[in-house]
Every structure is written in structure tokens, then in C-alpha cells.
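Read through the structure below, which is laid out as C-alpha cells, and then see the notes.
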């Protein structure tokens, strides 16, 4: 939860945040976005815009290289010691501050389970390490608690 939600948008001008479960986020982006695709340019007027001020919106997430939001960091600091199990899923575990969370909880005796396609700096302090794709491993690991949902 530290890096936002792809189903929420944030205005690039006024900061208005809104849930958006549309897929794609706007019709101009349907069948677009493949790395090798060189289709026609999309007009700015066809891109998703803010319902408050009409400026462009973007996913309300933290992209690589952007700082985490202070309110999120505060919430993590408040909650991190309250968990029974800490999951480290699909990360390089080298970008701070998130890379340090596993060490913090492990130092408090909280088990750490790492699910990743390769070993990371968190592997050595993890109670459990599951090597492979999170999309394959997580459903199996969580099935005892999700099968009845």
C-alpha cells in the first residue's frame, strides 16, 4: 500500500484524487501501451482529465524515483510493529525506505515472508523465502484464508 493504487487517479494540477476502475482509463488508450507499439499520437484532449479542473490526471501511484508521500510514511511507521507476519512481495529490496521495513519487523521478532523471482538483500533476514513469480506463489500461500471468501 505504500506506493498507491492504479485504480485511483490524481490531477496533475489541482491534486483531486478519484477512484477510477475503468479499463482502459479512457478510450484513447484502448489497445495501447505495448513497449514496441508505435501507433499514432494521442491528442491531449483525448487523455483522461480531472472532473474538477479539466487538467490531465495520472495514476495515483509513486513511480520509480518519486518520493513516497509523507502521510503514507507516517502510517507505515505507526502500523509496522503491529503485524503478525510481514510480506515482502516482488521487490528488489534495495530502494529505501521500503527496503528497510523487513529488517525493522524482523528485529522485533515478527516473521518475514519474501516472495520474489530472485534472492534479494531481504532474503537473509526472511523467515520464509519463496522463489518464483508472485502471481503463482501467492494464490497457493493464501488459499487457506481466501478459499472461503
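Residue numbers (the numbering used here): 124 to 272. We put the beta carbon where it would ideally sit given N, CA and C, even for glycine.
- For residue 268, the enclosing alpha helix (DSSP H) stretches over residues 257 to 269.
- For the pair residue 211 and residue 237, the CB atoms are nearer than the 7 Å cut-off.
- Beta-bridge annotation (DSSP): residue 162 is not paired with any residue.
- Just so you know, the alpha carbons of residue 189 and residue 218 end up roughly 11 Å apart.
- Ranked by Cα distance from residue 196, the options 246, 220, 134, 204 are led by 220.
- When beta bridges are read from the DSSP output, residue 253 appears opposite 238.
- Per DSSP, reduced to three states, the secondary structure at residue 138 is coil, with no helix or strand assignment.
- For residue 208, no alpha helix (DSSP H) encloses it, and the DSSP letter there is neither H nor E.
- Secondary structure at residue 185: coil, using DSSP grouped into helix, strand and coil.
- Taking a 10 Å sphere around the C-beta of residue 132, we find 16 or more other C-beta atoms and assign the residue as buried.
- DSSP places residue 226 inside the alpha helix (DSSP H), whose first and last residues are 224 to 230.
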